[in-house]
Amino acid sequence: MNGNLLKAGVAALWTYGGRGIGLLWTIALIAKLGISDYGQYAMAFALAAILAAPLDHPFTVRSIRVAEREFLGERTTRVLTGTALIVAGLCLIPVSYIAWFALVIGGGELVFNAYKSQALRDGRPDLTQRMDTTRQATSIALATAYLFVAPEPTLLVASLLYAAPYFVIAVLSALRTRGAAPRLPGSWREMSMLFSENLANAVYIQGDVLLLGFLTDSTIAGYYSVASVTAWAVAFVGQAFGHTFHEKLRAADGSVTAGPALKHTTMLGCAAGSLLLAAGTVLLFTPASPQVAGAL
Numbered sequence: 298m299n300g301n302l303l304k305a306g307v308a309a310l311w312t313y314g315g316r317g318i319g320l321l322w323t324i325a326l327i328a329k330l331g332i333s334d335y336g337q338y339a340m341a342f343a344l345a346a347i348l349a350a351p352l353d354h355p356f357t358v359r360s361i362r363v364a365e366r367e368f369l370g371e372r373t374t375r376v377l378t379g380t381a382l383i384v385a386g387l388c389l390i391p392v393s394y395i396a397w398f399a400l401v402i403g404g405g406e407l408v409f410n411a412y413k414s415q416a417l418r419d420g421r422p423d424l425t426q427r428m429d430t431t432r433q434a435t436s437i438a439l440a441t442a443y444l445f446v447a448p449e450p451t452l453l454v455a456s457l458l459y460a461a462p463y464f465v466i467a468v469l470s471a472l473r474t475r476g477a478a479p480r481l482p483g484s485w486r487e488m489s490m491l492f493s494e495n496l497a498n499a500v501y502i503q504g505d506v507l508l509l510g511f512l513t514d515s516t517i518a519g520y521y522s523v524a525s526v527t528a529w530a531v532a533f534v535g536q537a538f539g540h541t542f543h544e545k546l547r548a549a550d551g552s553v554t555a556g557p558a559l560k561h562t563t564m565l566g567c568a569a570g571s572l573l574l575a576a577g578t579v580l581l582f583t584p585a586s587p588q589v590a591g592a593l
C-alpha cells in the first residue's frame, strides 16, 4: 500500500506542477486576450473532452486488461483515430474556432494517450503524469511566448502554437505503433457500452461549460471554467491513487479485494471536498470574482 501511495503522490506532484503552469497560462491568456477569449478557449476544450473522451474510453479500459497482442493492435487504431480528428480539425480552421480547436485537441489527446498507454498499463501514473506535464509545459511555453512577444496577439495563433506539440506526438506515436495491425477495442457491444458510459460522464463533467457559453456568453463560461479546472485538479489525487492498482487488479481478474480500501478512497474524497468548500468560502470574502467563488 505504501508503494501505491508513493506512486500516487509522485503523480500528483507532476500533475500539480502542470496545474500550476496551467494557472499561469490561464492568467496570461486572460491578461492578453481577455476573459471572453478565454471563455471560447474553455468551451473548445470542453467540446474536445465530450468528443474525444468517449472515443478513447474503450481503448483506455482495455489497455490495462487485455493481452499484449491485442493491446498493440488497439493502440494502432487509437493513433489512427486521433490523427483523423486532428486532420479534420485543421480543415475547419476557417469555419469555427470552437470546432477546429476541439477536434485538434481531442485528436491530440487520443494519440498522446496511445503514446502513454504502455506506462499506464504497467501501473505507472507517475510516468504518465510526467509526460503530461512535459507536454503541457511545452504547449504553454510556445503559446505564452507568442502572447508576450507579438504586438497584437490573436487567439487563433496562440491556439495553434498550443496544439503544436500534439503534431510531434502524432508522428512519434505512429512510429511507435509500426508493425502492429489495427484492431478494434473489443466487440461492437462492448465498444458501444464503454462509449455511451463515458459520453454521459463527459457531458456531465464538461457540458455545463458549453451550455453556459451558449446560453449566456463566453465571459461567464470563462469564469466558470476557472473554478471547474481547480476542482478537477484537487480530485486528481484520488484518480492517481486508483491508477496504481492496475497491475494487481489485472492479476486478480478484477477482484475488488485487489483494489484500494474503501476507507482510503473515502478519506481522499472527504479531504478534496472540504478543501474546495473552504477555498470557495474564503474567496467570497475577497476581491476575487463571486462567480468563481460560487462555482467552487
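Residue numbers for the sequence shown follow this note's numbering, so the first one is 298 and each next one is one higher.
No residue lacks a Cβ here, since even glycine has one placed at the ideal position from N, Cα and C.
Given the structure is predicted, the values throughout are model-derived calculations rather than measurements.
Check your understanding: Does the distance from the C-beta atom of GLY457 to that of LEU407 stay below 9 Å?
Key -> One detail in the question is off: residue 457 reads as Leu in this sequence, not Gly. Result no, Cβ atoms of LEU457 and LEU407 do not sit closer than 9 Å.
Exercise for review: Spell out a yes or no on whether the region 506–513 and the region 321–331 are touching, meaning 3 or more CB-CB pairs, one atom from each, closer than 8 Å.
Suggested key: no
Check your understanding: Which residues in the same chain as ALA499 place their Cβ atom closer than 8 Å to its Cβ, once the five residues preceding and following it in sequence are excluded?
Key -> ALA346, ILE347, ALA350 and PRO351
Exercise for review: Please work out which residues of its chain come closer than 7 Å, Cβ to Cβ, to ARG473, disregarding the five sequence neighbours upstream and downstream, and give them in chain order.
Suggested key: TYR412
Review point. Among ILE332, PHE398, ALA532 and GLY386, which residue has its Cα nearest to the Cα of LEU574?
Key: ALA532
Check your understanding: Between THR374 and ARG475, which are expected to be in contact by the criterion C-beta below 8 Å, what is the C-beta distance as a whole number of angstroms?
Key -> Going by Cβ atoms, the distance from THR374 to ARG475 rounds to 14 Å, so no, they are not a contact pair.
Point to revise | Residue closest to ASP550, alpha-carbon to alpha-carbon, out of LEU320, SER333 and VAL363 | key: VAL363
**Study point:** ASP429, enclosing alpha helix (DSSP H) - first and last residue
**Key:** 422–446
**Study point:** Three-state secondary structure (DSSP) of PRO633
**Key:** Lying outside 298 to 593, the shown extent of the chain, residue 633 is not represented and no answer is given.
Check your understanding: Do GLY519 and TYR335 have their CB atoms nearer than 9 Å?
Key -> yes
Exercise for review: Following the continuous alpha helix (DSSP H) through SER484, name the residue where it begins and the one where it ends.
Suggested key: It is not in any alpha helix (DSSP H) - SER484 carries neither H nor E in the DSSP assignment.
Review point. Quick one, which of LEU389, THR357 and LEU377 has its alpha-carbon nearest ALA471's?
Key: LEU377
Review point. Taking Cβ positions, are SER414 and ARG366 nearer each other than 9 Å?
Key: no
**Study point:** Candidates VAL553, TRP485, VAL534 and ALA558, of which the one nearest GLN426 by Cα
**Key:** VAL534
Practice item. Between the Cα of ALA467 and those of GLY379, GLN536 and GLN503, spot the shortest distance and give me the residue it belongs to. Key: GLY379
Check your understanding: Does DSSP put PHE542 in a helix, in a strand, or in coil?
Key -> coil
Review point. Taking the alpha helix (DSSP H) that ALA467 falls in, what are its first and last residues?
Key: 452–473
Check your understanding: Apart from the five residues on each side of it in sequence, which residues of its chain come closer than 8 Å, Cβ to Cβ, to SER360?
Key -> PHE368, GLU371, ARG372, SER414, LEU417 and ARG418
**Study point:** Reference GLY483; option with closest CA among PHE356, GLY570, SER522 and GLY404
**Key:** PHE356
Practice item. Pull up the distance between the alpha-carbon of ILE437 and that of MET340, whole angstroms please. Key: 18 Å
Point to revise | Where SER489 falls, given that 16 or more other Cβ within 10 Å makes a residue buried | key: exposed
Exercise for review: Count the other C-beta atoms from every protein chain shown that fall within 10 angstroms of the C-beta of GLN566, then say buried if there are 16 or more, exposed otherwise.
Suggested key: Gln is not the amino acid found at residue 566; the sequence shown has Gly there. GLY566 comes out exposed.
Exercise for review: My understanding is that GLN337 touches ILE395, with C-beta atoms under 8 Å, so please give their C-beta distance in whole angstroms.
Suggested key: 6 Å
Check your understanding: CB GLY420 to CB THR541, shorter than 9 Å?
Key -> yes
Point to revise | Secondary structure of ARG362, DSSP reduced to three states | key: coil
Check your understanding: Near LEU546, what residues of its chain come up, given a Cβ to Cβ distance below 7 Å and the 5 sequence neighbours on each side ignored?
Key -> ALA555 and GLY556
**Study point:** Collapsed DSSP secondary structure at THR554 in the structure displayed
**Key:** helix
**Study point:** When THR441, LEU344 and GLY404 are compared against ILE318, the one with the closest alpha-carbon
**Key:** THR441
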